[in-house]
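Structure first, then comments.
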């Protein structure tokens, strides 16, 4: 989340300032290494909000300054929690469209599950025609539905025993 990223960035600056001010073991910090550490601590989508400058002072010491661009931060805050959904289903009620969109993560998780398992693998399909691709994906989805149905039945019935790796999703 944004707040975690902000706290991580500020904590990294504090660590660097402590490292600069106190003698320590290990390689000496350079301007480039500090820039790299700070750049790595900022997620790409928020690089316009978190800014820093690394330079030398007159007595050849490394100077680090960091700040949050308040104007950009306000813009980001205004957009948090809002999602634009485009659809061609004008006949559906708005609530149904939102519910469908919000349940999208379950489908994505299922496909991640399929990708990582030997059970029903959805691997790259090397077909040139649409029909074999559609059949392959249909069979994979049917396999997933069957798998979920078996798990559902298992959870209903205490007498069945299944291998533990079936439950790692």
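In this note's numbering, the protein residues as written are -3 to 165.
All residues carry an ideal CB built from backbone N, CA and C; glycine is no exception.
Cβ contact (3+ pairs, closer than 8 Å) linking the region 28 to 38 and the region -1 to 18
yes
- Counterpart residues of residue 49 in DSSP-defined beta bridges: Residue numbering aside, residue 49 sits at position 53 when the chain shown is read from its first letter. The partner list for residue 49 (beta bridge, DSSP) reads 61.
Is it the case that the region -2 to 7 contacts the region 41 to 50, given that we only count it when at least three CB pairs across the two stretches are under 8 Å? yes
| query | Does the separation of the CB atoms of residue 16 and residue 81 fall below 8 Å? | reply | Residue numbering aside, residue 16 sits at position 20 when the chain shown is read from its first letter. Residue numbering aside, residue 81 sits at position 85 when the chain shown is read from its first letter. Cβ distance not < 8 Å, so residue 16 and residue 81 don't count as in contact.
message: For residue 148, report the span of its alpha helix (DSSP H) as first-last.
response: For the purposes of this step, residue 148 is identified with residue 152 of the chain shown, where counting begins at 1. Segment 126 to 152, the alpha helix (DSSP H) holding residue 148.
| query | Counting Cβ pairs closer than 8 Å, one from the region 54 to 71 and one from the region 83 to 93, do we hit at least three? | reply | no
Using 8 Å for Cβ pairs, my map puts residue 42 next to residue -2. What's the rounded Cβ distance? Translated into positions along the chain shown, residue 42 becomes position 46. Translated into positions along the chain shown, residue -2 becomes position 2. So it is a contact: roughly 7 Å between Cβ atoms.
Under three-state DSSP, which class holds residue 15?
Position 19 of the chain shown, counted from the start, is the residue given in the question as residue 15. In the structure shown, residue 15 sits in a helix (DSSP, three-state: H, G or I).
| By how many angstroms is the C-alpha of residue 74 removed from the C-alpha of residue 142? | Looking up residue 142 in the chain shown gives position 146. Looking up residue 74 in the chain shown gives position 78. Rounded to the nearest angstrom, the two C-alpha atoms are 43 Å apart.
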